[in-house]
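Just add 1 to wherever you are in the sequence shown, counting from 1, and you've got the numbering used here.
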Amino acid sequence: MARLFGTDGVRGIANEKLTSKLAYDLGRAGAYCLTNEIHSARILIGKDTRGSGDMLESAMVAGICSAGAEAVVACTLPTSAIAYLTRHSGYDAGVVISASHNTVEYNGIKFFNSNGYKLADEIEDRIENIIMNDAEEIPQPTGKKIGRRVRLKKAAQDYIDFVVETTDVNLDGLKIVLDCANGAASEVAPWIFKLLGAEVIPYYNTPDGNNINENCGSTHPEQLSRLVSELGADLGLAFDGDADRLIAVDEHGSIVDGDKIMAISAMDMKKRGVLKKDTVVTTVMSNMGMEVTLKENGINMVRSDVGDRYVLEEMLKDGYNFGGEQSGHIIFLDHSTTGDGILSGVQLAAVMKREDKPLARLARPVSIYPQVLVNAKVSDDKKHDYETDGMIASEIKKLEQEFHGEGRVLIRTSGTEPLVRVMIEGKDKDAITKHAVSMAKLIEARLK
């Protein structure tokens, strides 16, 4: 049976894979595993704007209360707000009900521990083993020991105050278009940028339960690109459904992705002496051109597996304070324990003000190499064999020697399909396309 937990919690089509029963079980098992004295524990719950969130929240609350813990329900808030409030206000755990950038039919459930960090694999495995195999018996309290549901007031205001206080830069003079994805950023993001002095033009900030991420947000930045150009704005910021991602748009309408945002931010942090160990943590998907730019500016780049949780693990392991993903999950660890699109947007706008430069000029030095991705169709039971196949390994080594440090080959398997993904990047797009197609054909022939 497939694992319940993916790289960002449990996710699936609401009421199909992610049912109210599963939400109840997750609430119950999560409360049991994440709290020491369950009868006095408090668990904070937040959600995005999906209509299915009400159903799943109710089931989660029931599961938490049935285990004897108190379920504290916040209003609609970004994922990062729940992480912040969990650690800042002393909750035993936090829960976010959201499917992030996915379309409305999906939903998800992810947990934070009392320090505001996503769960380690072994904790998720324990929760999953309880749900799937009845591995441990969860107490069933009665009478006064049954948990209760409590509504949290001022949660949004506390998060707004926190983000505003992460910078001492006034954003007056900046005209900023916000694409709130009809999601969790819809209310809080405009307030934050207005309080910092910017002229704010919000779009896609009228959620109706069904329009989250619908042709808008960080997965559809082309809409924001058009708006910034039409309105003559200085900056555009696009979030996803739970506002943990950021994709920016410069004053010309050009898209500035997570790699470029990280490079700009890292160079600013190094200049101010706040980039620990002069290092940025990214994933294997981040562009090699970004790595070259950082190196030219005296900044190291460390790569982790794909997923912001693995970026964070690498940061904590070696004492780094900045990292993220090309997709726009960016972690300013001095401020937040998880990706925060709104906070990242504030920090990016602050760089523009400090440097007194438009975004296009800040992004110009960040060279981005072409990337080509080709899927190789293979037998499902052989898709991991590329790691031990001598002919494939020899061809990869040959290509990397040919690139002379100006290109790279990345081979990854699909988690859900009989595919091996070949990604090659380098300076010459035609050449790397030819190499990627050739490598995919070789993998198909060897692993059919």
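For glycine and all other residues, C-beta sits at the position ideal for the given N, C-alpha and C. Please read these numbers as outputs of a predicted model, since none were measured by experiment.
Give the single residue among THR87, MET270 and ALA68 whose Cα lies nearest to the Cα of LEU295. Of the listed residues, the one whose Cα sits closest to LEU295 is MET270.
Which residue wins for smallest C-alpha separation from ARG365, given the options LEU86, ILE256, LEU35 and LEU19? It is ILE256 whose Cα lies nearest to the Cα of ARG365.
Classify LEU411 as helix, strand or coil using the three-state DSSP reduction. Three-state result, LEU411: strand.
Enumerate in chain order the residues of its own chain whose CB-to-CB distance from GLU418 is below 7 Å, with the five nearest sequence positions on each side excluded. The beta carbon of GLU418 is closer than 7 Å to none in its chain, skipping five residues each way along the sequence.
Around the Cβ of GLU231, are there at least 16 other Cβ atoms within 10 angstroms (buried) or fewer (exposed)? GLU231 is exposed by the Cβ-count criterion.
Inter-stretch contact (C-beta, 8 Å, three-pair minimum) for the stretch 283 to 295 and the stretch 324 to 332: Because the criterion of three Cβ pairs below 8 Å is met, the stretch 283 to 295 and the stretch 324 to 332 touch.
MET2 versus ASN376: straight-line alpha-carbon distance, rounded: Confidence is the limiting factor: at MET2 the pLDDT is only 42, short of 50, which leaves the residue's position unreliable and the question unanswerable from this model.
Using 8 Å as the threshold, is the stretch 143 to 155 in touch with the stretch 17 to 25, meaning 3 or more CB pairs across them? Output reads no: the stretch 17 to 25 does not touch the stretch 143 to 155.
What number of angstroms, rounded off, separates the C-alpha of VAL165 from the C-alpha of SER368? So the alpha carbons of these two residues sit roughly 31 Å apart.
Alpha helix (DSSP H) containing MET61: first to last residue? Judged by DSSP secondary structure, MET61 falls within the alpha helix (DSSP H) whose first and last residues are 53 to 67.
Provide the residue span of the alpha helix (DSSP H) that contains ALA377, from first to last. That residue, ALA377, is in no alpha helix (DSSP H); its beta strand (DSSP E) goes 372 to 378.
Pull up the DSSP beta-bridge partners for MET289, would you. The partner list for MET289 (beta bridge, DSSP) is empty, contrary to what the question assumes.
Coarse secondary structure for TYR311, derived from DSSP in three states: Here TYR311 sits in helix by DSSP.
Identify the continuous beta strand (DSSP E) that holds VAL178 and give its terminal residues. Here the beta strand (DSSP E) through VAL178 covers 176 to 180.
Return the CA-CA distance between THR280 and GLY324, expressed in angstroms with no decimal places. If you take the alpha carbons of THR280 and GLY324, they lie about 8 Å apart.
What's the C-alpha gap between LEU86 and GLU407? Near 44 Å, if we compare the C-alpha coordinates of GLU407 and LEU86.
Whole-angstrom distance between GLY31 and VAL74, CA atom to CA atom: So the two alpha carbons sit approximately 16 Å from each other.
For LYS176, which option in LYS384, ASP382, ALA351 and ASP381 has the closest C-alpha, if you only look at C-alpha atoms? LYS176 has its Cα closest to that of ALA351, out of LYS384, ASP382, ALA351 and ASP381.
Determine the extent of the alpha helix (DSSP H) in which ASN130 is found, giving its start and end residues. That run of the alpha helix (DSSP H) goes 122 to 134.
Give me the residue from ASP55, LEU45 and THR339 with the minimum Cα distance to GLU315. Per the C-alpha coordinates, the member of ASP55, LEU45 and THR339 positioned closest to GLU315 is THR339.
Cutoff 7 Å; reference PHE113; Cβ partners in own chain excluding five residues on either side: Excluding sequence neighbours, PHE113 sits near ILE83, ALA84, THR87, ALA94, GLY95 and LYS119.
Between ILE65 and ILE98, how many whole angstroms is the CB-CB distance? I'm expecting something under 8 Å. That pair is no contact at about 12 Å.
Identify, in the order they occur along the chain, each residue of the same chain with its Cβ nearer than 8 Å to the Cβ of ASN103, setting aside the five sequence neighbours on each side. The beta carbon of ASN103 sits closer than 8 Å to the beta carbons of ARG12, GLY109, ASN214 and GLY242 from its chain, once the five residues preceding and following it are set aside; these are given in chain order.
Along the chain, where does the alpha helix (DSSP H) containing PRO208 start, and where does it finish? Segment: none, PRO208 is in no alpha helix (DSSP H) and carries neither H nor E.
Whole-angstrom Cβ separation of ALA244 and ALA190, contact assumed at under 8 Å? The Cβ separation is near 7 Å, so the contact holds.
Option nearest LEU317 by Cα separation, candidates ASN301, VAL307, ASP335 and ILE300: Out of ASN301, VAL307, ASP335 and ILE300, ASP335 has the C-alpha closest to the C-alpha of LEU317.
DSSP on LYS261, reduced to helix/strand/coil? In the structure shown, LYS261 adopts helical secondary structure according to DSSP, grouped into three states.
Let me make sure I understand the geometry here. Which of ASN130, GLY52 and LYS154 has the alpha-carbon closest to that of GLY210? Ranking the options by Cα distance to GLY210, first place goes to GLY52.
For the alpha helix (DSSP H) that contains LEU27, what are its first and last residues? Secondary structure note for LEU27: its alpha helix (DSSP H) is the uninterrupted segment 21 to 35.
In three-state DSSP terms, what is ARG246? Three-state DSSP puts ARG246 in coil, outside helix and strand.
So, LEU247 versus SER219, is the Cβ gap smaller than 8 Å? Contact: yes.
My guess is that ALA156 and CYS76 are in contact by the Cβ rule of under 8 Å, so how many angstroms apart are they, rounded? About 6 Å; that satisfies the 8 Å criterion.
On the CB-based measure, 16 or more other CB atoms within 10 Å of its CB, does GLU426 come out buried or exposed? By the 10 Å Cβ count, GLU426 comes out buried.
If we ignore side chains and look at the alpha-carbon of each, how far apart do THR50 and LEU78 end up? About 9 Å.
With distances taken Cα to Cα, identify the nearest neighbour of LEU374 among MET353, MET440 and PHE404. Among MET353, MET440 and PHE404, the Cα nearest to that of LEU374 is on MET440.
Expected contact under 8 Å - CB spacing of LYS449 and SER380 to nearest Å: Yes, they are in contact, since the Cβ atoms of LYS449 and SER380 sit about 6 Å apart, within 8 Å.
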